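**Student:**
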Amino acid sequence: MTFALSGDLARLRIPPPSSAQSCYMAERLWQHTCFEAFIGVPGSQAYYEFNFAPSGQWMAYAFRDYRDGAALTDETLAPRITLRTSDKKLELDAVITLDKLALLPPPRSPLRLGLSAVVEDDSGAISWWALRHAPGKPDFHHADAFALQL
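If you count the sequence shown from 1, position 4 lands on 3 in numbering that gives the first Met the number 0, and the numbers rise without skipping.
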């Protein structure tokens, strides 16, 4: 999947890319600029969350129900992250292997997907962006935020 952020990037706090040797799993990536993918199955409350930072850091979580889950510590789940930047645009490609995710059905089964971004500006203020927001305050975990069915 490809996430794109366009605008005056100089006004944003964007974690700088790390060398390949220093890319690792990291908690709380959503406290700064990052991109998120929520992946579930229609008719099931279970879902996965993946966080991808422009630094190359990443994290994955498995949830049995709404916000009822834990971090996945399996390094074999590591996504392949590629970053492209210019003055006005940042693109982050994240490739994940779905067949390693036990809560998901066999290949070619329908999936529900929520895509979102957390953006930190140069003052430290955070804004939350998503294909679709649930009612009320931003909550990417809410079932209404899973905007796509594949």
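We put the CB at the ideal spot given by N, CA and C, even for glycine.
All values derive from a computational prediction rather than experimental measurement.
Starting from M24, follow the beta strand (DSSP E) in both directions and report where the run begins and ends.
**Tutor:** No beta strand (DSSP E) holds M24; DSSP gives it neither H nor E.
**Student:** Starting from L112, trace the beta strand (DSSP E) in both directions and tell me its first and last residue.
**Tutor:** 111-120
**Student:** Could you check the C-alpha separation between L110 and Y47 for me, to the nearest Å?
**Tutor:** Rounded to whole angstroms, L110 to Y47 spans 11 angstroms at the Cα level.
**Student:** Look at the alpha carbon of A36 and the alpha carbon of D7, and state the distance between them as a whole number of angstroms.
**Tutor:** 24 angstroms
**Student:** Following the continuous beta strand (DSSP E) through F214, name the residue where it begins and the one where it ends.
**Tutor:** An answer regarding residue 214 cannot be provided, because it is not within the stretch 0 to 149 covered by the chain.
**Student:** Closer than 7 angstroms by C-beta to P15: which residues in its own chain qualify, once you throw out the five before and the five after it? Chain order, please.
**Tutor:** S54
**Student:** Is the CB-CB distance between W127 and F145 below 9 angstroms?
**Tutor:** no
**Student:** Please classify D73: does DSSP put it in a helix, a strand, or coil?
**Tutor:** coil
**Student:** For I125, report the span of its beta strand (DSSP E) as first-last.
**Tutor:** 125-129
**Student:** Starting from the Cα of R27, find the closest Cα among T1, S17, Y60 and give me that residue.
**Tutor:** In terms of CA proximity to R27, Y60 leads the group T1, S17, Y60.
**Student:** Just the C-alpha distance for S17 and L91, rounded to the nearest angstrom, thanks.
**Tutor:** Counting only the Cα atoms, L91 lies some 14 angstroms from S17.
**Student:** Quick one: residues in its chain with C-beta nearer than 7 angstroms to the C-beta of R10, no 5 flanking neighbours on either side, listed in chain order?
**Tutor:** For R10, where only same-chain residues beyond five positions count, the Cβ hits under 7 angstroms are D120, D121.
**Student:** For A70, I'd like the list of residues in its chain whose CB is within less than 6 angstroms of its CB, leaving aside the five on either flank, ordered along the chain.
**Tutor:** Y60
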